Amino acid sequence: MARKILIVDDDPHIRDVIHFALDKAGLQTCVARDGTEALTLFARERPDLIVLDINMPELDGLEVCRELRKTSEVPILFLSSRDEEIDRIVGLEIGGDDYVTKPFSPRELVARVNAILKRLQPPLQKTSAAAPLEHGQLRLEPHRHRVSWAGQEIRLTATEFSILKGFLRQPDRVFDRDTIIESAYDMNVHVSDRTIDSHIRHIRSKFLKLGCESLIETVHGVGYRLGACR
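This is how it looks when you write it as structure tokens:
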């Protein structure tokens, strides 16, 4: 069955361009004209991913994301008409998986959507790649897309899950940002260092709420490594 994508944008031309590109790529789509309609359609359609414009009147994309994150970790790809770093970082900090700046290439948007959807797919069979990964009190189950610390489950976005899985597969390694990008993204997608830093901060904050203060440590001038997780 084709994955379902919810497109949210107040510009009908942008909606049509995205719909056409995703439909051509074999993905099913549903369309919302504003933030309020997006929340209604999400509850009814339960899409696999949302392409969400940030700059909309009344209920903007950031508010829609905040509302969705109260109950769901559905992947969100932000669209922004402003090429400003703060817009991108704020969007990712509140739970977005990725972003595309307008004007965008439909091919790039499809590539980013497919990259996120790929991270959602569990292994086809229970192999060593699907076996649970553990480090201290941290446990990650790839085949169930489940993460827990000290027995408490933590909801991560698809991108956050993929980044953490990369750390757990090589728990003693110091990762530079390029290596994190390689393990979490398809290489045909450009991702900035600031985007990776934002995802790391978001992962840390989720674990900190449960008392884990050293999940991912910063190695100054190099990158990051997995902490003690005790």
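Counting in our numbering, the final residue of the sequence shown is number 244, and the numbers go up one at a time with none missing. Note that beta-carbon positions come from the ideal geometry of N, C-alpha and C, so glycine has one too. If you're wondering where the values come from, they're calculated on a predicted model, not measured in any experiment.
* **Rounded straight-line distance, which links the Cα of D23 to that of R218** => As a working note, residue 218 is residue 204 in the sequence shown. As a working note, residue 23 is residue 9 in the sequence shown. About 31 Å.
* Asked: When we look at the beta-carbon of R215 and count the other beta-carbons within 10 Å, is it buried (16 or more) or exposed?
  -> Within the sequence shown, residue 215 is the residue found at index 201, counting from 1. With fewer than 16 other Cβ atoms within 10 Å, it is exposed.
* Extent of the continuous alpha helix (DSSP H) run through H149 -> Along the sequence shown, read from residue 1 onward, the residue named residue 149 stands at position 135. That residue, H149, is in no alpha helix (DSSP H); its beta strand (DSSP E) goes L147 to H149.
* Just reading off the alpha helix (DSSP H) that L246 is part of, what are its end residues? -> Nothing can be reported for residue 246, as the shown portion of the chain is limited to 15 through 244.
* Is C243 helix, strand or coil when you go by DSSP? -> Along the sequence shown, one-based indexing puts residue 243 at 229. Of the three classes helix, strand and coil, the one that applies to C243 here is coil, per DSSP.
* P61: buried (16+ other C-beta within 10 angstroms of its C-beta) or exposed? -> Here residue 61 refers to the residue found at position 47 when the sequence shown is read from its first residue. That one is buried.
* To do: Could you pull out every residue in the same chain whose Cβ sits closer than 7 Å to the Cβ of M70, ignoring the five residues on either side in sequence?
  => Here the question's residue 70 lines up with position 56 in the sequence shown. The beta carbon of M70 sits closer than 7 Å to those of D24, D48 and G49, all from its chain and outside the five residues before and after it, given in chain order.
* Might you give, ordered along the chain, the residues of its own chain that have their beta carbon closer than 8 Å to the beta carbon of A242, omitting 5 neighbours on each side? => Locating residue 242 in the sequence shown gives position 228, where the first residue counts as 1. Excluding sequence neighbours, A242 sits near G150 and S228.
* In the DSSP assignment, find the alpha helix (DSSP H) that holds T173 and state where it starts and stops. => Residue numbering aside, residue 173 sits at position 159 when the sequence shown is read from its first letter. Element bounds for T173: A172 to R183.
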